[in-house]
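There are 8 protein chains.
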Amino acid sequence: AYAKIDTARTQRTGYPEVIYGAGKTAQQIVGIVQAMEKRQQPILVTRVDLEKSAAVQEILPELAYDQTSQTLVRTAHALPAVGNIAIVTAGTSDMRVAEEAAVTAELFGNQVTRVYDVGVAGIHRLFAKLPLIRQANVVIVIAGMEGALTSVVGGLVDRPVIAVPTSVGYGTHLNGLTPLLSMLNSCSAGISVVNIDNGFGAAYNASMINHLVKEEQP
Amino acid sequence: AYAKIDTARTQRTGYPEVIYGAGKTAQQIVGIVQAMEKRQQPILVTRVDLEKSAAVQEILPELAYDQTSQTLVRTAHALPAVGNIAIVTAGTSDMRVAEEAAVTAELFGNQVTRVYDVGVAGIHRLFAKLPLIRQANVVIVIAGMEGALTSVVGGLVDRPVIAVPTSVGYGTHLNGLTPLLSMLNSCSAGISVVNIDNGFGAAYNASMINHLVKEEQP
Amino acid sequence: AYAKIDTARTQRTGYPEVIYGAGKTAQQIVGIVQAMEKRQQPILVTRVDLEKSAAVQEILPELAYDQTSQTLVRTAHALPAVGNIAIVTAGTSDMRVAEEAAVTAELFGNQVTRVYDVGVAGIHRLFAKLPLIRQANVVIVIAGMEGALTSVVGGLVDRPVIAVPTSVGYGTHLNGLTPLLSMLNSCSAGISVVNIDNGFGAAYNASMINHLVKEEQP
Amino acid sequence: AYAKIDTARTQRTGYPEVIYGAGKTAQQIVGIVQAMEKRQQPILVTRVDLEKSAAVQEILPELAYDQTSQTLVRTAHALPAVGNIAIVTAGTSDMRVAEEAAVTAELFGNQVTRVYDVGVAGIHRLFAKLPLIRQANVVIVIAGMEGALTSVVGGLVDRPVIAVPTSVGYGTHLNGLTPLLSMLNSCSAGISVVNIDNGFGAAYNASMINHLVKEEQP
Amino acid sequence: AYAKIDTARTQRTGYPEVIYGAGKTAQQIVGIVQAMEKRQQPILVTRVDLEKSAAVQEILPELAYDQTSQTLVRTAHALPAVGNIAIVTAGTSDMRVAEEAAVTAELFGNQVTRVYDVGVAGIHRLFAKLPLIRQANVVIVIAGMEGALTSVVGGLVDRPVIAVPTSVGYGTHLNGLTPLLSMLNSCSAGISVVNIDNGFGAAYNASMINHLVKEEQP
Amino acid sequence: AYAKIDTARTQRTGYPEVIYGAGKTAQQIVGIVQAMEKRQQPILVTRVDLEKSAAVQEILPELAYDQTSQTLVRTAHALPAVGNIAIVTAGTSDMRVAEEAAVTAELFGNQVTRVYDVGVAGIHRLFAKLPLIRQANVVIVIAGMEGALTSVVGGLVDRPVIAVPTSVGYGTHLNGLTPLLSMLNSCSAGISVVNIDNGFGAAYNASMINHLVKEEQP
Amino acid sequence: AYAKIDTARTQRTGYPEVIYGAGKTAQQIVGIVQAMEKRQQPILVTRVDLEKSAAVQEILPELAYDQTSQTLVRTAHALPAVGNIAIVTAGTSDMRVAEEAAVTAELFGNQVTRVYDVGVAGIHRLFAKLPLIRQANVVIVIAGMEGALTSVVGGLVDRPVIAVPTSVGYGTHLNGLTPLLSMLNSCSAGISVVNIDNGFGAAYNASMINHLVKEEQP
Amino acid sequence: AYAKIDTARTQRTGYPEVIYGAGKTAQQIVGIVQAMEKRQQPILVTRVDLEKSAAVQEILPELAYDQTSQTLVRTAHALPAVGNIAIVTAGTSDMRVAEEAAVTAELFGNQVTRVYDVGVAGIHRLFAKLPLIRQANVVIVIAGMEGALTSVVGGLVDRPVIAVPTSVGYGTHLNGLTPLLSMLNSCSAGISVVNIDNGFGAAYNASMINHLVKEEQP
Ligand SMILES: Nc1ncnc2c1ncn2[C@@H]1O[C@H](COP(=O)(O)O)[C@@H](O)[C@H]1O
Ligand SMILES: Nc1ncnc2c1ncn2[C@@H]1O[C@H](COP(=O)(O)O)[C@@H](O)[C@H]1O
Ligand SMILES: Nc1ncnc2c1ncn2[C@@H]1O[C@H](COP(=O)(O)O)[C@@H](O)[C@H]1O
Ligand SMILES: Nc1ncnc2c1ncn2[C@@H]1O[C@H](COP(=O)(O)O)[C@@H](O)[C@H]1O
Ligand SMILES: [Mg+2]
Ligand SMILES: [Mg+2]
Ligand SMILES: [Mg+2]
Ligand SMILES: [Mg+2]
Ligand SMILES: [Mg+2]
Ligand SMILES: [Mg+2]
Ligand SMILES: [Mg+2]
Ligand SMILES: [Mg+2]
């Protein structure tokens with residue numbers, strides 16, 4: 036009787052499997068990946084550091100490691116990229132989270148436009164990129180510090196904005212609580228928020244939205 | 036030179052104007068509405084209590100007051116309703132926030148499916164409504180207490196979920212911080228979050244997403 | 036005059052001694068265990084990592100180490116197992132806490148039913164195990180993330196539920212405060228809560244409750 | 036298919052219905068009670084102030100109001116009282132919460148032993164009552180201030196203790212967060228905790244536990 | 036011996052006396068003002084509501100009340116206005132704090148440029164006013180919500196910025212903690228922060244800075 | 036002119052110098068001690084770990100290291116011990132803080148009575164020691180977990196109690212905030228509190244109080 | 036057997052009874068006072084507002100009401116005043132707490148020296164009063180805002196300082212948490228802290244200390 | 036069109052570039068510095084530890100490393116020093132932050148007066164230095180613990196004070212939140228605050244203010 040519920044998530048073909056690598060040993064990751072490999076799906080492991088990735092790759096050389104995003108990926112059977120998701124960051128130190136989002140979005144079959152390092156301390160950088168950002172169906176804004184970039188972008192684009200606070204900062208930054216609170220209280224409408232550093236979650240949401248734009252799919 | 040930026044939000048015809056009524060006097064609300072009335076647009080004032088609404092209506096009888104959502108609305112020139120947004124609540128006390136979202140969504144030109152009072156304490160209530168919820172392009176989940184409904188819905192539907200924590204609760208509920216934190220840490224993917232009690236913001240987001248589904252528009 | 040009070044806890048024969056191993060040196064643990072060994076009781080040391088356990092076992096080889104639960108145990112004189120306690124977890128990363136509870140409960144003379152990895156992101160997993168869970172006299176629910184599993188289980192079973200939040204998560208998870216708050220505000224009745232990661236405490240409570248069911252004792 | 040789940044809570048005959056009266060109008064309470072009255076069950080409405088109770092009683096004179104516990108009760112069809120639950124409080128200002136627990140427990144078919152005003156500032160008061168407390172199957176400890184009574188009771192009795200922090204205090208009391216944190220970190224084992232001021236929840240839990248002691252039921 | 040220290044603040048002629056009116060009775064305010072009136076100085080009482088101001092004015096009709104800033108002022112002997120302080124606000128609800136700052140700054144002998152309602156949700160409003168803002172020696176930025184305006188202004192002007200978070204907001208706004216944290220973590224340099232709603236304090240600082248620009252003084 | 040102020044603290048002969056060793060290098064500690072050695076005073080360095088102490092002792096062998104209290108001491112010229120300070124702890128893990136207090140108190144010329152490991156989980160242990168504790172002029176109570184011992188002692192003795200919360204605990208213990216809050220809200224009168232783990236501060240206070248009892252001094 | 040414990044607090048003749056009036060009705064206060072009046076002791080009721088005091092005095096005209104300290108007192112049988120306690124405040128708004136402390140201390144048999152309104156914004160005021168403060172056996176420092184006065188006093192006197200944070204402030208003052216934290220982290224030694232606004236508690240402590248100075252007693 | 040905005044910050048000649056070194060690899064720092072070296076400007080890299088500095092200096096030997104301030108500096112083209120900024124610290128452990136401020140201020144063309152280790156525990160140290168401090172145009176006060184020094188200085192000088200809380204402390208110090216809150220609530224006027232440990236930010240602000248004093252420039 037519950038099989039129908041089951042299919043809701045697990046039999047939805049085409050969606051890649053995503054393994055949260057933090058707090059798992061290399062051995063555990065290998066085990067989970069091997070159990071999955073039968074399925075005709077791309078595979079993504081997030082939050083894997085360099086050392087752990089090497090241990091996994093020794094046994095599973097078909098996985099590619101990307102150090103910036105800290106991900107292990109098997110792109111075979113990846114979905115064709117459709118639509119457009121813009122990923123906008125405030126500073127260079129938001130890059131790890133941004134690339135986690137980008138890698139996830141690409142594997143989930145989305146075209147990604149990267150607009151990095153356009154924080155409001157030098158707002159002209161953002162304006163120069165606005166036309167590019169406005170072509171996207173959905174915009175992911177990633178920012179540490181005070182996260183003001185989110186409100187500025189939200190006021191300038193006409194698309195849903197998914198905000199990701201990052202833990203980049205010190206003192207009263209409170210490990211990311213400050214940009215999180217800032218984003219939840221944005222004076223611009225059209226912004227929703229995910230957990231601190233959750234690039235994966237933002238991309239998952241953005242992908243769902245981007246795929247609603249059916250006519251742009253191949 | 037900045038006129039182009041200006042148009043991004045203010046010259047975008049068709050979008051209703053929304054006035055945040057809390058902390059404004061009846062007189063101030065009347066003033067703002069009168070300044071707007073020239074434009075061919077629907078008008079929405081949120082967070083207006085009964086007494087204040089009466090004072091406004093004396094001067095502006097064309098505004099209709101809805102006590103549940105605490106809104107004043109002029110529906111003239113409203114957009115035709117397209118697509119579908121499901122609004123799901125955990126308990127009856129989440130109704131004010133839910134109706135704020137519903138009134139907003141309808142005025143912004145969206146069809147709304149209300150699924151109220153299906154909290155997880157009696158989870159069969161939710162399962163009975165699942166087919167209905169799954170027809171929506173985007174789902175708004177509104178919950179106080181611990182907000183667990185969000186995760187359960189997120190795990191059962193294949194559409195973006197926008198979560199709204201409500202301030203309904205006591206003690207360690209911390210005026211809504213508890214469901215907010217709960218929603219940000221959901222074990223289900225595909226969930227993004229707006230501020231506590233922010234029914235308007237959830238509807239604004241959902242409307243943007245729902246309107247991306249172009250072929251369903253009239 | 037206070038001897039009577041004393042007996043309330045210490046002369047209650049049969050109850051195993053439990054040592055909290057965190058922050059104690061191997062040497063201190065050995066000392067305490069040796070002072071106890073005269074008594075005809077099982078012995079349990081919690082929160083002992085692999086290295087420390089090896090140092091203890093060198094001197095006390097009669098203690099068995101279990102790496103998942105991070106416990107050292109001497110099962111001699113263990114109580115016969117009666118009744119039934121169900122231990123339900125949301126994810127695989129809750130396992131350390133779950134096994135700390137399980138080892139404690141078993142040593143205290145309770146039958147334990149393990150139902151692991153049935154979090155609400157895939158709720159069908161829980162439903163498949165419900166008949167098993169419903170056979171228990173008391174249910175321990177262990178969850179990190181947002182802890183929503185607790186409310187779902189609480190709404191489906193008719194027995195006392197003891198909830199254990201775990202520190203598994205990141206960002207706004209706040210090292211377990213989020214599921215703790217969530218559990219304290221559950222919309223389901225019949226739930227009480229212990230400290231973050233306190234598998235031992237949950238089992239201690241559950242054992243007391245399970246032993247109240249006298250006719251099921253041998 | 037889900038009917039079985041439904042019955043888990045709603046068709047369980049004999050259990051009284053409980054309505055949370057805070058934030059409901061007298062009219063809404065009357066409506067809910069009238070919808071229930073067909074069922075052969077006792078009825079309990081919690082968190083009703085004097086004024087609201089009078090308005091309800093005008094229409095439903097069969098409900099009795101108790102000002103200390105702020106409850107409206109229809110005791111017809113109440114369950115026969117079995118076993119024993121001790122309700123222990125630190126101070127007189129914890130009385131509202133204690134009586135909410137007592138009224139709930141009695142309506143759910145439990146014998147209740149009230150031991151009030153035995154806080155640790157004058158610990159001899161507690162010792163004088165210990166023999167009485169030890170006769171209970173389960174002990175509810177209710178305390179504001181720093182909640183130290185919980186740990187002292189927990190160390191002296193051999194039964195499950197359910198702790199209820201109250202919002203009685205000022206300054207760093209933080210509306211009850213201080214005794215809540217204190218209770219969650221008790222040095223005594225066998226204590227679990229419910230939300231601040233949640234007398235109802237403690238009684239619900241205690242009743243479940245007390246009814247497990249089958250042979251003491253009539 | 037300490038007389039020298041004394042003069043540092045109290046014998047500095049010309050500086051207006053400022054009375055914090057909140058929590059003082061009309062009678063107490065009258066008493067303090069009367070004790071001061073001998074001195075040849077302007078007088079300022081902040082945080083006085085309409086009712087209290089009327090009671091004070093009955094006895095001291097020489098004080099003028101301003102309802103927006105909630106201040107009572109005697110402008111006799113006011114210092115001549117020099118230099119320029121820009122006061123920039125995000126929204127209309129920040130007006131009370133802004134006018135508290137403006138009234139203070141003017142009484143302390145500063146020219147004030149008001150630039151209100153230029154929040155980043157419609158950033159073109161700010162750009163239109165930039166030339167005006169850039170003429171000031173020091174800029175006060177006042178914002179509720181997420182306070183993003185501060186960072187944008189800080190990145191565009193070359194003068195010290197004093198930021199004032201306001202308590203305007205709801206939910207996770209935490210009565211102004213969110214914009215405070217945001218301002219302390221600004222990605223723009225040159226920003227320092229005062230307490231929530233502290234318009235007086237910002238003006239006091241700004242006045243000190245503005246008066247350092249000696250050649251612009253008359 | 037300020038010399039009089041100076042003497043208030045620095046020329047008060049007989050009081051030992053105390054150096055806070057945390058965050059200072061061995062070299063810095065040596066430098067400060069050498070600058071002091073001319074004065075005829077005992078010397079105390081707190082918060083020095085084993086390794087750092089060895090480096091200091093190489094150059095200053097006249098300092099004795101105590102590993103439990105993590106202190107380096109030169110007892111030459113120590114004050115004669117007078118009166119009596121009782122130091123009472125809840126558990127063995129509070130020992131480092133307790134010994135920091137004891138070493139400080141002894142060096143400051145106080146007799147110290149140690150009453151360790153008498154936490155309320157087994158309250159009879161405390162009662163057995165009460166006559167001893169009641170002989171002191173002032174009582175220091177040191178406790179982690181929920182700090183309930185403080186309230187129990189406060190209710191049983193007739194002397195000032197100085198409470199020291201310790202950082203011993205986990206989860207909602209919040210690194211000592213829980214016992215701190217508990218102690219500040221004690222239902223017993225006569226308790227004042229110092230910072231978490233501040234054994235030194237408690238002893239400094241207690242010594243001041245103990246020395247007020249003049250006739251007990253030699 | 037426990038009678039001895041009992042006497043520790045209740046049979047200690049001479050100590051006045053103190054009733055915490057907040058949250059008690061006039062009727063309850065009357066009841067408690069009447070039960071006490073047989074004993075030959077002074078009586079003190081704290082936290083009683085004007086209206087409630089009038090209701091109590093109608094029945095018990097022998098109680099005197101003091102509006103500043105919000106206390107009701109019967110001074111008959113008061114203890115003779117000995118020694119000296121200095122009560123030092125930062126501002127005039129700390130007066131209610133200061134007078135609660137003063138009234139308590141006087142009723143408990145202590146001479147009190149009031150030194151009010153000497154906050155550090157004008158530090159010469161404090162220096163002028165130092166000789167007076169230094170004559171006390173113990174000093175109570177009461178301050179709102181940032182509580183800096185405590186550290187300055189602590190560095191200038193050679194007696195135990197008991198610090199009382201007050202709830203006077205706004206915004207980040209957090210209802211007194213800011214001065215509380217400030218006082219707990221004072222760079223001056225010899226300071227211990229009681230709960231926010233707890234004038235009574237400070238006086239209770241100070242009285243205990245002041246009475247240790249035996250030779251100064253009559 | 037946006038070039039004009041750009042110039043606001045980047046074409047402002049003379050202002051040194053500042054690189055935030057924390058979280059950047061030596062390689063990344065080298066890359067950024069090399070890209071800058073064409074410009075005729077001094078270069079400053081903050082928050083560089085010893086090891087990282089050595090790696091940078093191997094490639095860029097023209098950078099000088101200062102271990103106290105943890106900065107790498109190229110002073111070529113430094114601005115001539117004008118005016119005067121006083122940097123005042125409470126304790127020796129605030130030195131890293133103070134020197135970060137001093138190095139920044141000097142590179143930005145300001146004369147700096149260092150007044151270190153004058154905390155209020157021994158307030159005579161501050162008074163001895165007051166004449167020196169009063170010569171500055173702007174005062175930076177840096178303090179950990181409870182930050183009381185800020186209020187004392189603010190009450191004694193007639194210039195803008197920029198306060199920097201430091202993370203030096205333990206327990207309830209909360210990594211610097213305590214002095215931050217203390218500084219924001221100062222009873223002295225004329226104080227504004229920057230983020231915890233943000234010596235750079237304080238110096239940037241102070242430099243802006245100091246340069247407003249035009250006639251004192253060479
Ligand atoms: N970086 C990430 N952040 C948050 N959630 C993640 C991340 N990576 C994977 N997940 C989620 O974690 C789930 C897998 O968790 P696990 O079973 O512990 O590997 C996936 O289905 C995703 O929903
Ligand atoms: N005082 C109370 N505190 C907490 N929960 C309560 C209380 N009274 C009733 N409840 C719960 O609230 C539910 C009813 O909520 P409602 O439908 O809003 O009346 C009941 O089934 C109980 O589980
Ligand atoms: N363990 C400790 N905890 C708190 N304060 C201490 C401690 N040890 C020393 N102190 C204080 O720190 C001062 C010395 O600080 P410093 O100049 O940094 O060595 C002493 O005068 C004491 O007041
Ligand atoms: N120690 C510091 N604390 C805060 N901000 C800094 C610090 N050092 C540099 N910055 C700022 O950080 C900016 C450079 O950041 P980044 O591009 O990451 O190197 C500079 O323009 C400064 O505004
Ligand atoms: Mg937008
Ligand atoms: Mg989903
Ligand atoms: Mg249940
Ligand atoms: Mg127990
Ligand atoms: Mg700037
Ligand atoms: Mg006592
Ligand atoms: Mg002192
Ligand atoms: Mg000043």
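Residue numbers (full-length UniProt numbering), protein chains in the order written: chain P, 36 to 253; chain B, 36 to 253; chain Y, 36 to 253; chain X, 36 to 253; chain C, 36 to 253; chain H, 36 to 253; chain W, 36 to 253; chain Z, 36 to 253. Even for Gly, the Cβ is constructed at its ideal location relative to N, Cα and C. Just so you know, these numbers come straight off a predicted model, no measurement behind them.
Buried/exposed call for residue i, threshold 16 Cβ in 10 Å
i	result
H:His112	exposed
C:Val173	buried
C:Asp129	buried
Residue interval of the beta strand (DSSP E) (run including residue i)
i	result
B:Ala118	Per the sequence presented here, residue 118 of chain B reads as Gly, with Ala not at that position. Element bounds for B:Gly118: Val117 to Thr124.
Bridge-paired residues (DSSP) for residue i
i	result
P:Ser227	P:Ile197
P:Asn145	P:Val117
P:Tyr151	Answer is none; P:Tyr151 lacks a bridge partner.
Run of the alpha helix (DSSP H) containing residue i, from where it starts to where it stops
i	result
X:Glu93	Leu85 to Ile94
Z:Ile163	Looking at the sequence itself, residue 163 of chain Z is Ala, so the reference to Ile does not match. Note, Z:Ala163: alpha helix (DSSP H), His159 to Ile168.
message = Output needed in chain order: residues of the region 218–242 of chain X with a Cβ under 8 Å from some Cβ in chain B.
response = Near chain B, meaning a CB-to-CB distance below 8 Å, the residues of the region 218–242 of chain X are Asn230, Ile231, Asp232 and Asn233.
For the region 161–188 of chain C, which residues have a beta carbon sitting closer than 7 Å to at least one beta carbon of chain Z?
Listed by position along the chain: Asn172.
How about the region 229–249 of chain P and the region 198–211 of chain P: do they share at least three Cβ pairs that are nearer than 8 Å? At 8 Å Cβ cutoff, the stretches touch.
Q. Which of the residues in the region 192–212 of chain B, read from start to end, lie with their CB under 8 Å from any CB of chain X?
A. Result list: Val203, Tyr205, Gly206, Thr207 and His208.
Worksheet entry | Within 7 Å of chain H by C-beta, residues of the region 121–138 of chain Z in sequence order | For the region 121–138 of chain Z, which is checked against every Cβ of chain H, the residues closer than 7 Å are Ser128.
Determine which residues of the region 56–75 of chain Z have a Cβ less than 9 Å from any Cβ of chain P, and write them out in chain order.
Here the close residues are Ala57, Gly58, Lys59 and Gln63.
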